[in-house]
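See below:
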């Protein structure tokens, strides 16, 4: 039952097994003379193949033949079996031997079945379900697009599929830009259907090439068709076709992308057209200062390169008059024609402008909280608030010296901290100076904070030096400017004596 013989023997024995099933209209083979202990069951279900049957594939196994005839005969559809044909057409094949010839194998029976016009696809499915594979892959023909022709935008693809012994419920379209790497085109079939009973059926898909192809270039198309039994075949276009989506649509590398400190900045972008090339004299820009709600007219812009160039060229819009600071409201877009006068327009780009200097931070000191008081702590520390600024604060520069008016340099000392400290500062009057830089590169003015550091007994020597400076007999030295007013007077001498101050 589950052994391999030769097709003629399997046909005879399989027919005999089937006849008992058909007579009793019973899918269970119950002849116990076939050593049921081998199969570990007294009843063999030819549909479910219960027990340890292990039927080998092909029409040389009588069990496969009997089961295939049963699935053609029965009215129970499952899996691939969609045929409920009864016994009449099976017998019709056998009695028409004068027309079809003798059926010496199950394969002969199947050929005669098809020649007499009985249901070929469904019979093929029922037979396939029983491990006998007569199924052939479907045919595929790509009718459109045609190789060598030029297309743009939406391509109306047209593919014919045919399957003489089954249905074609599935088709896939793949495309390639180099005939090496292929990409699945995941689009629905808008009209058409699947082939059945050998008829040629067409599949229509409207392919908007701008969604998958960002190059005006050579394209290859491949179609895979799969029938209901899993057999597949494919067809390619006989060579490539050209996709030219006409207008220049390749834009990249817009500048500026960061904050700028100029309310009339230059803006640039690169553009390319692969097929006709650019008309470099047709570059324009327009701008908006209200987030794109309203726009200026198109303004002339410059473009590098020469007419017909197919490489990226730079379009420059010079001194665009936004004339306002904003992170979101200043917008710009570009346009240019190709050599065939097809106009391409870029997306909108935001230009972030902050031309104002940030305010000076407000400084305080935890160790020396009163600028007019003297403290013996020689380790001053400072903190400051973050100024409000359109582009935000990037960093701070600070320094500590004995001049009241120093402006820190433009080297960033900290970007993340709002505090600074010093240790072992010698006695004297000192000034902490601080300024901020915003994200547009603007440096603001400085804030200044005075600390007075003194310890020990009063120094008459220092007081005398201060008087000498005040009298003009000694050059000005900020170390004796106790009042911090930029000059040394007798008042500074008095302060030194009263405070017990040592520089």
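In the working numbering, the protein residues as written are 277 to 779. No residue lacks a Cβ here, since even glycine has one placed at the ideal position from N, Cα and C. Just so you know, these numbers come straight off a predicted model, no measurement behind them.
For residue 634 versus residue 669, is the C-beta spacing smaller than 8 Å?
-> On the chain shown, residue 634 is found 358 positions in, with the first residue counted as 1. On the chain shown, residue 669 is found 393 positions in, with the first residue counted as 1. The Cβ atoms of residue 634 and residue 669 sit closer than 8 Å to each other.
Assuming residue 571 contacts residue 560 (C-beta within less than 8 Å), just tell me the rounded distance between them.
-> On the chain shown, residue 571 is found 295 positions in, with the first residue counted as 1. On the chain shown, residue 560 is found 284 positions in, with the first residue counted as 1. About 12 Å separates the two Cβ atoms, so there is no contact after all.
What residue range is occupied by the uninterrupted beta strand (DSSP E) comprising residue 679?
-> Reading the chain shown from its first residue, position 403 is the one you call residue 679. Membership of residue 679 in any beta strand (DSSP E) is not indicated, and neither H nor E is assigned to it by DSSP.
Using alpha carbons as the reference points, say which of 707, 614, 619, 612 lies closest to residue 657.
-> The sequence position of residue 657 within the chain shown is 381, counting from 1. For residue 657, the closest C-alpha among the options 707, 614, 619, 612 is that of 707.
Rounded C-alpha distance that separates residue 439 from residue 529 | Indexing the chain shown from 1 puts residue 439 at position 163. Indexing the chain shown from 1 puts residue 529 at position 253. Approximately 51 Å between the Cα atoms of the pair.
Contacts around residue 502, its chain only, beta-carbon distance under 6 Å, and the 5 residues preceding and following it disregarded = Against the chain shown, residue 502 aligns to sequence position 226. Cβ neighbours of residue 502 beyond the five flanking positions: 446, 508.
Hey, how far is the Cα of residue 564 from the Cα of residue 534?
-> Numbered from its first residue, the chain shown carries residue 564 at position 288. Numbered from its first residue, the chain shown carries residue 534 at position 258. Our two residues, residue 564 and residue 534, have alpha carbons roughly 18 Å apart in a direct line.
Contacts around residue 593, its chain only, beta-carbon distance under 6 Å, and the 5 residues preceding and following it disregarded | In the chain shown, counting from the first residue as 1, residue 593 sits at position 317. Residues of the same chain with a CB within less than 6 Å of the CB of residue 593, apart from the 5 flanking positions on each side, are 543, 561, 577 in chain order.
In or out: residue 696 buried (at least 16 other Cβ within 10 Å) or exposed?
-> Counting from 1 along the chain shown, the entry for residue 696 is found at position 420. The residue in question, residue 696, is buried, as its Cβ has 16 or more Cβ neighbours within 10 Å.
Specify whether the region 491–500 and the region 514–521 touch according to this definition: at least 3 beta carbon pairs, one from each stretch, less than 8 Å apart.
-> With a cut-off of 8 Å, the region 514–521 and the region 491–500 count as touching, because enough Cβ pairs lie within range.
Give the DSSP bridge partners of residue 506, in chain order.
-> Here residue 506 is taken as the residue at index 230 of the chain shown, counted from 1. None; residue 506 has no bridge partner.
Could you give the residue range of the alpha helix (DSSP H) that holds residue 385?
-> Counting from 1 along the chain shown, the entry for residue 385 is found at position 109. Residue 385 -> alpha helix (DSSP H) spans 382–391.
Start-to-end residues for the beta strand (DSSP E) that takes in residue 459 = Here residue 459 refers to the residue found at position 183 of the chain shown. According to the DSSP assignment, residue 459 belongs to the beta strand (DSSP E) that extends over 458–461.
Report the three-state DSSP secondary structure of residue 501 (helix, strand or coil).
-> As a position in the chain shown, residue 501 is number 225, starting the count at 1. If DSSP states are grouped into helix, strand and coil, residue 501 belongs with the strands.
Spatial neighbours of residue 666 in its chain, beta-carbon cut-off 7 Å, leaving aside the 5 residues before and after | Here the question's residue 666 lines up with position 390 in the chain shown. Cβ-Cβ distances below 7 Å link residue 666 to 601, 603, 630, 632 in the same chain, with the five nearest sequence neighbours on each side left out; the list follows chain order.
Limits of the unbroken beta strand (DSSP E) element including residue 433 = If you number the chain shown from 1, residue 433 lands on position 157. In the DSSP annotation of this structure, the continuous segment of the beta strand (DSSP E) that includes residue 433 starts and ends at 430–438.
Taking 7 Å as the cut-off, does the CB of residue 600 come closer than this to any heavy atom belonging to the ligand PLP?
-> Within the structure as shown, the ligand PLP is missing, as the structure has no ligands at all.
What does a CB cutoff of less than 8 Å around residue 379 pick up in its chain, not counting 5 residues either side in sequence?
-> In the chain shown, the residue the question calls residue 379 occupies position 103. Here the set comprises 287, 369, 370, 373, 385, 388.
Where does residue 725 sit, in a helix, a strand or coil, going by DSSP?
-> By one-based count along the chain shown, residue 725 stands at place 449. Judged by DSSP in its simplified three-state form, residue 725 adopts strand.
Compute the distance between the beta-carbons of residue 744 and residue 766, then report whether it is under 8 Å.
-> For the purposes of this step, residue 744 is taken as the residue at position 468 of the chain shown. For the purposes of this step, residue 766 is taken as the residue at position 490 of the chain shown. The beta carbons of residue 744 and residue 766 sit no closer together than 8 Å.
Could you check how far apart the C-beta atoms of residue 478 and residue 434 are, in whole angstroms? I think they sit under 8 Å.
-> Within the chain shown, the letter at position 202 stands for residue 478. Within the chain shown, the letter at position 158 stands for residue 434. About 6 Å separates the two Cβ atoms, so the contact holds.
Identity of the residues DSSP links to residue 561 by a beta bridge | The count along the chain shown starts at 1 and reaches residue 561 at position 285. DSSP, once it has assigned bridges, lists 575, 610 as partnering residue 561.
Please confirm if the region 674–681 is in contact with the region 704–723, defined as three or more CB-CB distances below 8 Å between the two stretches.
-> At 8 Å Cβ cutoff, the stretches touch.
On the three-state DSSP scale, how would you describe residue 287?
-> On the chain shown, residue 287 is found 11 positions in, with the first residue counted as 1. Here DSSP, grouped into helix, strand and coil, assigns residue 287 to helix.
Looking at C-alpha atoms only, which residue of 617, 504, 428 is the closest neighbour of residue 482?
-> The residue you call residue 482 lines up with position 206 of the chain shown. Closest by alpha carbon: 428.
Three-state secondary structure (DSSP) at residue 631?
-> Numbered from its first residue, the chain shown carries residue 631 at position 355. Annotated three-state conformation of residue 631 is coil, per DSSP.
Tell whether a beta-carbon distance below 8 Å holds between residue 430 and residue 511.
-> Mapped onto the chain shown, residue 430 falls at position 154. Mapped onto the chain shown, residue 511 falls at position 235. Result no, Cβ atoms of residue 430 and residue 511 do not sit closer than 8 Å.
Three or more beta-carbon pairs under 8 Å between the region 341–348 and the region 396–413, yes or no?
-> Counting Cβ pairs under 8 Å, three or more are found: they touch.
Residue from 459, 442, 537 whose Cα sits closest to the Cα of residue 450 = As a position in the chain shown, residue 450 is number 174, starting the count at 1. With distances taken between Cα atoms, residue 450 lies closest to 459.
Have a look at 424, 464, 410, 455 and flag the residue whose alpha-carbon is nearest the alpha-carbon of residue 441.
-> In the chain shown, the residue the question calls residue 441 occupies position 165. Relative to the Cα of residue 441, the nearest Cα in the group 424, 464, 410, 455 belongs to 410.
Nearest candidate by alpha-carbon position, reference residue 420, set 398, 498, 330 = For the purposes of this step, residue 420 is taken as residue 144 along the chain shown, with counting starting at 1. Selected option, being the one with the closest Cα: 498.
Express the C-alpha separation of residue 354 and residue 377 in angstroms, rounding to a whole number.
-> Here residue 377 refers to the residue found at position 101 when the chain shown is read from its first residue. Here residue 354 refers to the residue found at position 78 when the chain shown is read from its first residue. Each residue's alpha carbon lies about 32 Å from the other.
Could you pull out every residue in the same chain whose Cβ sits closer than 6 Å to the Cβ of residue 295, ignoring the five residues on either side in sequence?
-> Within the chain shown, the letter at position 19 stands for residue 295. So no residue of the chain qualifies.
Could you check which residue in 646, 406, 721 has the C-alpha nearest to that of residue 728?
-> Sequence index remark: in the chain shown, residue 728 carries index 452 (1-based). Among 646, 406, 721, the Cα nearest to that of residue 728 is on 646.
Within 8 Å, strictly: CB atoms of residue 341 and residue 300 | The count along the chain shown starts at 1 and reaches residue 341 at position 65. The count along the chain shown starts at 1 and reaches residue 300 at position 24. Residue 300 sits away from residue 341, with the two beta carbons spaced by 8 Å or more.
Range of the contiguous beta strand (DSSP E) that encloses residue 371 | Numbered from its first residue, the chain shown carries residue 371 at position 95. Secondary structure note for residue 371: it is in no beta strand (DSSP E), and the uninterrupted alpha helix (DSSP H) holding it is 364–371.
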